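Down below is the structure, laid out as structure tokens.
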Amino acid sequence: MSGTDSPPQGWRPAFRGWRARRPFLGGLLLTLGGCWILLTVKASLKVVVHIGMQGVAGYLLPAVMVLCGLLTLFSPSQRLFYSILGMLCSLGSWVTSNLGGFVLGLALGAVGSCMIFGWLPDQEPRVSRRKRREAAREAAQQTQGFGEGAGEPA
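The structure is reproduced here in structure tokens:
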């Protein structure tokens, strides 16, 4: 038995397999957007409670964004609900949290939510452009080989 017959060992191939079965980049962006907004909110808890519901929403919406991003990573079967909720919270953070974390957190959350929404679980892996060109070139060569003797008597 050669070394190439055994399955790959280590954490990197296992992580790649785990990452391939979920909308990883979208969940990561949504989580990072929520974290960024939470970092830009600089009000103390006394001020938040004194301001009222809008002050609480300034912390609540980004926390829900982080939660939706993490839940997308660990429960991808509910990705549509999490992406819609994440998008609504991202857009709501424009009003409640320093213009959505100075627009950066809002943009990260919106792009991540869109990526989560557009992810398809049973999609075939993409073929690189080079491999597609090689396949088209081979197909063209095969059809040229069949077309040379067509219509001529033997």
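Okay, so the sequence shown: first residue is 31 according to this note's numbering, each after it adds one.
Think of the CB as a built atom: it goes at the ideal place given N, C-alpha and C, for glycine as much as any other residue.
In this text the structure is predicted, and so the values were computed from the model without any measurement.
Between the alpha carbons of R162 and M145 lies a distance of about 25 Å.
Put simply, the backbone Cα of S127 is about 11 Å away from that of G64. At a Cβ-Cβ threshold of 8 Å, S120 and S105 do not count as neighbours.
Looking from the CA of L101, the closest CA among R52, V71, V141, L69 belongs to R52. The C-alpha of A140 is placed about 14 Å away from the C-alpha of L129.
For S123, the enclosing alpha helix (DSSP H) begins and ends at 109-126. Straight through space, the alpha carbons of Y112 and L136 are spaced by roughly 16 Å. Here DSSP, grouped into helix, strand and coil, assigns G40 to coil. The way I'd put it, the stretch 53-60 does touch the stretch 145-156; three or more beta-carbon pairs between them come closer than 8 Å.
Annotation: the continuous alpha helix (DSSP H) that includes L136 extends over 134-148.
If you compare the alpha carbons of A166, R46, G40, A50 with that of E154, the shortest gap goes to A50. When rounded, the separation of the alpha-carbon atoms in R160 and M83 is 55 Å. With a threshold of 16 other beta carbon atoms within 10 Å, G131 meets it and is buried.
Excluding residues up to 5 positions away in sequence, V71, T126, S127 lie with their Cβ nearer than 6 Å to the Cβ of G88 in the same chain.
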